[in-house]
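Chemist:
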Amino acid sequence: MYVRLNRLLAFGLVTAGVVSITEVAPIRTHLIKLLKLSLSILSLFTHKIKLQGLSL
Numbered sequence: 058m059y060v061r062l063n064r065l066l067a068f069g070l071v072t073a074g075v076v077s078i079t080e081v082a083p084i085r086t087h088l089i090k091l092l093k094l095s096l097s098i099l100s101l102f103t104h105k106i107k108l109q110g111l112s113l
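This is how it looks when you write it as structure tokens:
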């Protein structure tokens with residue numbers, strides 16, 4: 058349940074970031090930023106899950 062809520066929150070943050078980046082930046086830099094953001098969120102989640110002793 059906790060992990061699901063975190064994923065929902067992260068998805069909301071990513072969506073908000075996509076909207077704000079799309080408004081101000083060219084598509085190429087927008088895609089690069091989005092990729093970096095999603096990679097960092099993914100690594101953060103796997104780190105948290107490992108700390109809690111759960112498995113993906």
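58 is the number of the first residue of the sequence shown in my numbering; add one for each residue after it. Glycine is no exception: its CB is placed at the ideal position from the N, C-alpha and C atoms.
1) For Arg64 and His104, what's the separation of their Cα atoms in angstroms?
2) Return the CA-CA distance between Leu66 and His87, expressed in angstroms with no decimal places.
3) Reducing DSSP to helix, strand and coil, say where Gly36 ends up.
4) Report the residue from Leu62, Val60, Gly69 and Leu108 whose alpha carbon sits nearest the alpha carbon of Ser95.
Modeler: With the given structure in hand:
1) Looking up residue 64 in the sequence shown gives position 7. Looking up residue 104 in the sequence shown gives position 47. Whole-angstrom Cα-Cα distance: 13 Å.
2) Locating residue 66 in the sequence shown gives position 9, counting from the first residue. Locating residue 87 in the sequence shown gives position 30, counting from the first residue. Using only the alpha carbons, I get a separation of about 20 Å.
3) No answer is possible for residue 36: the residues shown for the chain start at 58 and end at 113.
4) As a position in the sequence shown, residue 95 is number 38, starting the count at 1. Of the listed residues, the one whose Cα sits closest to Ser95 is Gly69.
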